[in-house]
Ligand code: SF4
């Protein structure tokens, strides 16, 4: 989230799309309702009429996978009717920038496309630059190559009529949504977008998010109280686990994982440190060398020296895409001997789970760490297999729950909050930290005797006390970072061993270490700020700066320097995030996004400090699938692309096991319910929750039920090209077919929490989903696939 | 921004009228109805389900959790919890929880209980063998040789249920082991 939960109360228009907060983030809805009590409008855009829809002022039905058409139409509406916040757009976004003359878009394909590799050469998407290397611009926004005009032309095709033919939305509701959203183009009005996996789980998921962000930029809603673009994270610490980079492509704090051609640290810095010729751009990522060196120092301590490139060689270099789907493909081809699952259940949660499960049969060993016996940990006795045929050695390690250990987790609003240990884990269960600690200690011992390239393990700095498990306090201190020698930084003297006060003090010469630069400031000499419980709210804006701590440097609203005009005056003086005090010449309110003077003064910096050019990107040349979001159909779709001749995202290669032949006529989609959570182990084993929702079900429309002769509660078989499952039919008027290009398209919705193991069992929805992912992130397209539904259980 | 004593929770304990400003577990008092929590130890936690991050108070007696409820002082949830958060008590007190290290031998139909010591030795041995057998020191790409120092024999998945500090340790461990295939729920 650019903003945070409490902040939603400041919105004038709340748009929930690809999310269902009333159901899945129930307590967040407190702030939606607070805003509504003050007159805000809630808009729910969803394929199904959800719990959130039932509370909304406006509901618009949207066919799964057509967000870009919907949002593209809204962009068109804003540009056509000049309903943008012009001053914001000109000063803070790249609308005025001129794009290369060679940029082109033709029947669904942007310039630079190579159909064989499914890739774009992005050269023609670049800005035009002047002799000083600065992007050329036209502040009148009239130049035909300006981002503004290119955008206007691109989205002029998205007329309301055309959009609604694609999305299946009733045109009247569509126009009402357009008017409500557009009303926030006034400087003192603001809309927020609450989105979740309904947005991201598509072959064009990143572009879905981009289309939302573009609208928010055009309306001047980023950086504002009650505004922003807000991802509702589904797991308590999935924000933190991402910040801490348990992912193939990043290191802690979103540093890039080195690639094979980063032959040394200098090459790595050269490749990954963004450059700008604009002295007014903060270009925050220019600090990459400081953060990376500090990370290497945290990893390899005294062994990491300037002479040995701070042990850069010790880091594995990637030479491909190792993301979840690719990883599972490699598993299916027998590419792994062993796997470690930490509190995860891939044969319920992954795409095309039958394929993942049979891939696991190839493993020599599997370690699963969990609170419960999960489907994945007993894959060797799943229905339909004989354990005798599976040669995997399996370890199932009992883990401590959240109240049986201590440490921090980061919520969706980036607040890192501390949890305390209340009791010991049951029986022989141990914390995850204990388990990792034991592994590495034993491996250090083994590798000190012999082994291939033992140095990264033997030299690894691992100093977390002599207790039974690592001292988490010491780990938290290391994540923040410390000075590794006596040093003077920014005129201040620091002693070796002292905590680094904030990332502004991190250095590239080895004098600082930091396990995660983004969390530098969370644990300073003042103490562990993640433990704070101060409730002061001096501005009345609900920032709660003394409650816990949030990244970066306790800033509660990101890009908050865009919430003021060029003189530092809040666009909305009644709900200021920050404001410039001319007398003290200081910012007041939230922690400003860089403390520079307002934009009208010398020595200022542009507000979008994480972007090399410093401006919010309406046109983004870095994406795999185009600089402007364009509507494509999901990989499986019952209709042809009504916008262009390009059916699916051209930057995604078509995988096997996709069927568009008509054999599977219905649009399938998955979702969660309040009473269950993710792959289910944490809820399907609790009697209270099992009593509330005991069974797997599929929601279908009354019309489809009639057509198939189904009554509420009947057993049905749902099938796709990937497999089939049984479930109870839930016949409901909440699900309605879509009218798309003159044809009625039925949808089938189902929760994805169930599996064959545990207290409550049921068909796994991900048996049906396809292993195909977003062009940029490879997040699977869970939210739109084709299926069929038949009365009765599985006929074998 | 100074940090006053009031704003710093060093442990977790209830004092009269307010949650918890200093010290480890202490006697409970007025935050909850007096009788229900009399004589109990208390501490604070944050919900392990969704990422709203609701605060909770945990009441324990003789090393057992006897009650978990919403933290009325928490600025996000102000004491409320949803169906899942309200059920956390049953995570802590649940017969289905794993309490032993379980091991399944190749081809076997069942789990066997094992000691941590045995399992740890065995896992470390397997991980080492896998790493040593599958370590890619160098790779040929487009006719050039590059040093990649990668362990392609194993993959690691999961972490969204772990604390930040545990995620850090897990990542540090994985990278030291040379693992490139590190992924978790954020990708799906
Ligand atoms: S109580 Fe409910 S809303 Fe609050 S964090 Fe837990 S799951 Fe989310």
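Protein chains in written order, with the numbering used here: chain U, 215 to 1010; chain L, 149 to 336.
Cβ atoms here follow ideal geometry from the backbone N, Cα and C, with glycine treated the same way.
Quantities reported herein were computed from a predicted structural model and do not represent experimental measurements.
Near the ligand SF4, residues with a Cβ at less than 5 Å from any of the ligand's heavy atoms are 240(U), 241(U), 195(L), 197(L), 198(L), 200(L), 202(L), 229(L), 230(L), 232(L) and 233(L); the list follows chain order.
Within the stretch 550-569 of chain U, the residues whose Cβ lies closer than 8 Å to some Cβ of chain L are 550, 551, 552, 553, 554, 555, 556, 557, 558, 560, 563, 564 and 565, listed in chain order. For the set 732(U), 717(U) and 733(U), the Cα lying nearest the Cα of residue 726(U) is the one of 717(U). Look at residue 990(U): its C-beta is not under 9 Å from any C-beta on chain L.
The beta carbons of residue 496(U) and residue 279(U) sit about 37 Å from each other, so the pair does not count as a contact at 8 Å. Per DSSP, the continuous beta strand (DSSP E) segment holding residue 580(U) begins and ends at 579-584.
Among the residues of the stretch 192-223 of chain L, those with a Cβ less than 7 Å away from any Cβ of chain U are 192, 193, 194, 195, 196, 197, 198, 199, 200, 201, 202, 206, 208, 211, 212, 213, 221 and 223, in the order of the chain. A straight-line Cα-Cα distance of about 54 Å links residue 878(U) and residue 685(U).
Bridge pairing for residue 415(U): absent [DSSP]. With respect to chain L, the C-beta atom of residue 453(U) has a partner C-beta closer than 9 Å.
Residue contact check for residue 609(U) against chain L: a CB pair falls below 9 Å. Against chain L, a Cβ distance below 7 Å from residue 537(U) picks out 331 and 335.
With respect to the 9 Å criterion, residue 312(U) and residue 391(U) are not classified as neighbours on the basis of their beta carbons.
Annotation for residue 368(U): the continuous alpha helix (DSSP H) segment containing it runs 361-370. Here residue 898(U) is buried: its Cβ has 16 or more other Cβ atoms, across all protein chains shown, within 10 Å.
In summary, residue 210(L) is exposed, with fewer than 16 beta-carbon neighbours lying within 10 Å of its beta-carbon over all protein chains present.
Residues of chain L whose Cβ lies closer than 7 Å to the Cβ of residue 574(U) do not exist; the shortest such Cβ separation is about 11 Å. Taking C-beta separations shorter than 7 Å and ignoring five residues to either side along the sequence, the partners of residue 397(U) in its chain run 227 and 403, following chain order. Around the CB of residue 798(U), fewer than 16 other CB atoms lie within 10 Å, so the residue is classed as exposed. In this structure the stretch 250-269 of chain U does not lie against the stretch 333-347 of chain U, because fewer than three pairs of beta carbons, one per stretch, are closer than 8 Å. Selection 556(U), 540(U), 555(U) and 829(U) evaluated against residue 549(U) yields 540(U) as nearest (Cα-Cα).
Contact between residue 217(U) and residue 383(U) is ruled out by a C-beta separation of about 27 Å, above the 8 Å threshold.
A direct Cα-Cα distance of roughly 23 Å separates residue 516(U) from residue 295(L).
Of the other Cβ atoms in all chains shown, 16 or more fall within 10 Å of the Cβ of residue 542(U); this residue is therefore buried. Between the stretch 265-276 of chain U and the stretch 459-474 of chain U there are fewer than three C-beta pairs closer than 8 Å, too few to call the two in contact.
Setting aside the 5 residues that flank it on each side, residue 597(U) is surrounded in the same chain by 970, each with a C-beta closer than 7 Å to its C-beta; the list follows chain order. In this structure, residue 326(L) sits near residue 670(U), with a CB-CB distance shorter than 9 Å.
The alpha-carbon separation between residue 795(U) and residue 783(U) amounts to approximately 9 Å.
Within the stretch 225-279 of chain L, the runs of alpha helix (DSSP H) that reach at least 4 residues and sit entirely inside it are, in chain order, 231-234 and 237-240.
Using a CB distance cut-off of 9 Å, residue 734(U) does not count as an interface residue toward chain L.
For the stretch 670-702 of chain U, the set of residues with a beta-carbon nearer than 7 Å to any beta-carbon of chain L comprises 670, 671, 674, 684, 686, 689, 690 and 693, in chain order. For residue 374(U), there is no enclosing beta strand (DSSP E); the enclosing alpha helix (DSSP H) covers residues 374-381. Straight through space, the alpha carbons of residue 842(U) and residue 486(U) are spaced by roughly 24 Å. Under the DSSP definition of a beta bridge, residue 741(U) partners with 738(U).
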